[in-house]
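Here the structure comes first, spelled out in structure tokens, and everything after it is commentary.
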Amino acid sequence: MPSEVMSYNSANGHVVRFDGRAMLLHVPTTALFELDELGQTVIDAACSEPRIERDSLQQTAAARFAAADVAQFISRLQELGVLQVAGSEQAVNPRPAQVQDYPLSTLVLNVNTGCNLGCRYCYKEDLQTPARGERMDFAVASRSVELLLQQARDRDSINIVFFGGEPLTNMPLIRQVVDYAQERAAAVGKNVDFSLTTNATLLTPQLVAFFEAHRFGISISIDGPKVIHDRNRRTVGGKGTYEVVARKARMLLESYRARPVGARVTLTAGTTEVEEIHAHLRGELGFHEVGYAPVTSSANAAHALSVEDLEAVHAAFERLGEQYLRLAITGRNNGFSNMHQLMTDLHEGRRKTLPCGAGVGLLAVDHKGGLNLCHRFTGSELPVFGTVQEGIDSARLGEFLGRAADRSGTHCAFCRIRNLCAGGCYHESYARFGDPLHRTYHYCNLLRRWVDFGVRIYSGIMTHNPGFFRSHIETRRANA
Ligand code: SF4
Ligand code: SF4
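Residue numbers (the numbering used here): 15 to 494.
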């Protein structure tokens with residue numbers, strides 16, 4: 015009797031090869047397995063033909079390896095859904111769940127739509143100068159805190175993120191919110207954590223002391239050394255801002271002890287010098303970590319990275335990733351935050367059904383109290399998902415998230431990085447296609463190459479210094 019006809023399902027198992035080694039990424043669980051010679055032989059044979067009889071697969075490998083070991087490995091691949099009976103192949107995907115509850119952990123408060131700078135690529139549709147900006151008032155802010163406490167029912171901690179425009183242009187409100195949130199959180203037995211992203215220009219030693227006292231997490235938006243930063247990050251009058259930003263950043267970095275300070279770099283058209291930026295921000299200014307946001311879509315298409323720019327950024331990311339590996343082997347972290355996040359996702363076996371926490375654990379409040387998916391949507395044309403005054407519009411938000419999690423009919427359903435990407439950033443899609451649920455197909459190939467590269471780096475660290483994950487990833491989570 016002929017044996018079962020099998021086929022290798024690349025939607026569930028993806029092999030990354032390098033330096034004579036091969037790692038199997040089990041796509042449904044994001045688990046990684048190193049393939050020994052037996053494993054590589056079986057998988058090579060299974061991949062060599064669209065369909066193969068189980069007996070012939072067994073025999074191919076049994077010439078070199080013990081038959082029982084081969085049979086066991088084939089069975090294991092079947093359990094994992096990597097080998098399936100031909101004709102019944104299925105990509106393993108989580109069943110799209112209906113989100114009915116919104117256990118928020120984080121609210122982003124847009125405390126002023128105004129900003130004191132006029133960066134050339136700014137995506138904020140509601141951006142104004144500080145004087146003309148719409149400021150959030152305390153009634154909206156305190157109502158936001160109440161909504162967060164109410165939605166965070168079972169959580170021990172809540173997070174409040176101050177955003178703008180430039181959040182430091184509304185310090186009176188930030189001070190009021192800190193007092194109010196601490197008092198209210200303590201009354202219901204929760205911790206409250208504060209953070210903000212600032213262009214740093216308005217920082218003073220007094221403000222730094224205030225943030226230190228309340229253990230703020232601080233990120234500074236800065237794009238690199240003067241010649242790069244000043245290309246886009248200018249005053250409203252058009253002057254470069256590097257000198258003031260770097261001076262304030264140095265002041266902060268020299269004195270701030272509450273938490274590590276990060277830098278956020280926006281990469282737009284023509285700005286691809288990632289290593290030079292990294293050497294300056296990490297090596298010279300001393301930021302703890304530097305995160306890069308490549309802009310692939312923009313309301314002004316001239317600001318988005320071109321295909322060639324994206325390739326150059328990816329190549330630079332790989333070179334910086336190699337440096338990350340070299341330092342990780344010696345127990346150090348080079349502060350490349352994008353790589354560190356990928357290492358964390360692989361180490362923890364991330365299984366995303368949604369691209370990010372927007373709309374689930376996190377919402378952003380605009381100055382009037384409207385609830386937006388995240389900070390990038392405040393002031394956009396996308397209708398809000400309720401208000402802090404009336405609560406979350408659960409029906410609309412649930413419908414949105416249900417559609418976001420439903421992969422049927424999309425390329426994501428079969429994609430090998432679907433549980434790491436899950437369809438891509440809603441705002442990138444919104445900026446490019448006017449639809450936050452349009453998948454970010456325009457850079458899928460680069461993302462897949464990035465994950466393959468990450469698998470190689472992960473394996474290198476695992477081989478030479480597995481303790482790195484314990485000391486740099488598990489502790490990071492404990493401190494988060
Ligand atoms: S958006 Fe592209 S890379 Fe992301 S899961 Fe979908 S198909 Fe894969
Ligand atoms: S939608 Fe995009 S910008 Fe907003 S939180 Fe998600 S990944 Fe970030």
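We put the CB at the ideal spot given by N, CA and C, even for glycine.
Would you check if there are 3 or more beta carbon pairs closer than 8 Å linking the segment 270-282 to the segment 229-246? yes
For D207, the three-state DSSP class (helix, strand or coil): By 1-based counting over the sequence shown, the position of residue 207 is 193. D207 falls in the strand class under three-state DSSP.
Taking only three categories from DSSP, how would you classify Y36? Here residue 36 is taken as the residue at index 22 of the sequence shown, counted from 1. Reading the sequence as shown, one finds Ala at residue 36 and not Tyr. Of the three classes helix, strand and coil, the one that applies to A36 here is strand, per DSSP.
What residues in its chain sit with their C-beta under 6 Å from that of T358, if we drop five residues either side in the sequence? As a first step, residue 358 is located in the sequence shown; it is residue number 344 there, counting from the start. For T358, where only same-chain residues beyond five positions count, the Cβ hits under 6 Å are I487.
In chain order, which beta strand (DSSP E) runs of at least 3 residues are fully inside the segment 36-105? 45-48 and 97-99
Please look up how many angstroms separate the CB atoms of R248 and C388, rounded, as I've assumed it's under 8 Å. Along the sequence shown, read from residue 1 onward, the residue named residue 248 stands at position 234. Along the sequence shown, read from residue 1 onward, the residue named residue 388 stands at position 374. Not a contact, Cβ separation roughly 26 Å.
May I ask you to report which of helix, strand or coil DSSP gives M150? For this step, residue 150 is matched to residue 136 along the sequence shown. M150 falls in the coil class under three-state DSSP.
L415 by DSSP, collapsed to three states: which one? Numbered from 1 along the sequence shown, position 401 holds the residue referred to as residue 415. Of the three classes helix, strand and coil, the one that applies to L415 here is helix, per DSSP.
DSSP beta-bridge partners for N126? As a first step, residue 126 must be located in the sequence shown, where it is residue number 112. DSSP, once it has assigned bridges, lists R149 and G178 as partnering N126.
Given H328 as reference, the closest of L460, E257, F483 and T424 once Cα atoms are compared: The sequence position of residue 328 within the sequence shown is 314, counting from 1. For the residues L460, E257, F483 and T424, the minimum Cα distance to H328 belongs to L460.
Simplified DSSP state of A494, which is helix, strand or coil: The count along the sequence shown starts at 1 and reaches residue 494 at position 480. Any reading at A494 is ruled out, since the residue's pLDDT is 45, under 50, leaving its predicted position unreliable.
Check for me: the beta strand (DSSP E) holding V241 runs from which residue to which? Counting from 1 along the sequence shown, the entry for residue 241 is found at position 227. From DSSP, V241 is part of no beta strand (DSSP E) but of the alpha helix (DSSP H) over K240 to N246.
Which of the three DSSP states is assigned to N23 in this structure? Indexing the sequence shown from 1 puts residue 23 at position 9. Coil.
Does the distance between the C-beta of R90 and the nearest non-hydrogen atom of ligand 1 fall short of 6 Å? Walking along the sequence shown from the start, residue 90 turns up at place 76. No; taking the cut-off as 6 Å, the Cβ of R90 has no heavy atom of ligand 1 nearer than that.
What's the call for S485, buried or exposed, on a 16-neighbour Cβ count within 10 Å? Indexing the sequence shown from 1 puts residue 485 at position 471. With fewer than 16 other Cβ atoms within 10 Å, it is exposed.
Could you check the C-alpha separation between A494 and S171 for me, to the nearest Å? Along the sequence shown, read from residue 1 onward, the residue named residue 494 stands at position 480. Along the sequence shown, read from residue 1 onward, the residue named residue 171 stands at position 157. Unreliable placement is indicated for A494, whose pLDDT of 45 sits below 50; no coordinate value is reported for it.
Jot down the residue ranges of each uninterrupted beta strand (DSSP E) in the segment 366-397, minimum 3 residues, whole runs only, in chain order. 376-379
Since Y194 is in the alpha helix (DSSP H), which residue starts that stretch and which ends it? Position 180 of the sequence shown holds residue 194. Counting along the chain, the alpha helix (DSSP H) containing Y194 begins and ends at M185 to A201.
Using the beta-carbon of each residue, find all residues closer than 7 Å to any heavy atom of ligand 3 and list them in chain order. Within the structure as shown, ligand 3 is missing, the only ligands being ligand 1 and ligand 2.
From what residue to what residue does the beta strand (DSSP E) around T280 run? The residue given as residue 280 occupies position 266 in the sequence shown. Counting along the chain, the beta strand (DSSP E) containing T280 begins and ends at G276 to L281.
Cutoff 8 Å; reference L266; Cβ partners in own chain excluding five residues on either side: Locating residue 266 in the sequence shown gives position 252, counting from the first residue. Taken in chain order, the residues that qualify are A214, L217, V222, I232, I234 and V275.
Roughly how many whole angstroms lie between the Cα atoms of G27 and V465? For the purposes of this step, residue 27 is taken as residue 13 along the sequence shown, with counting starting at 1. For the purposes of this step, residue 465 is taken as residue 451 along the sequence shown, with counting starting at 1. The straight-line gap from Cα to Cα measures roughly 14 Å.
What residue from T282, G284 and Y306 has the CA that sits closest to H292's CA? Position 278 of the sequence shown, counting from 1, holds the residue named residue 292. When only C-alpha atoms are compared, the closest one is Y306.
For the segment 282-290 against the segment 254-262, are there 3 or more C-beta pairs whose distance is under 8 Å? no
Check whether the segment 157-173 and the segment 196-204 are in contact - that is, three or more C-beta pairs closer than 8 Å. yes
Determine the contact status of L123 and V469, defining contact as a CB-CB distance below 7 Å. Residue numbering aside, residue 123 sits at position 109 when the sequence shown is read from its first letter. Residue numbering aside, residue 469 sits at position 455 when the sequence shown is read from its first letter. Contact: no.
7 Å Cβ shell around Y194 - same chain, five flanking residues per side excluded: The count along the sequence shown starts at 1 and reaches residue 194 at position 180. Closer than 7 Å at Cβ, skipping near neighbours: S156 and V159.
Between Y457 and T285, is the Cβ-Cβ spacing less than 7 Å? Reading the sequence shown from its first residue, position 443 is the one you call residue 457. Reading the sequence shown from its first residue, position 271 is the one you call residue 285. Cβ distance not < 7 Å, so Y457 and T285 don't count as in contact.
Over the uninterrupted alpha helix (DSSP H) stretch that includes A330, give me the two end residues. Numbered from its first residue, the sequence shown carries residue 330 at position 316. Run containing A330: V321 to I343, per the alpha helix (DSSP H) assignment.
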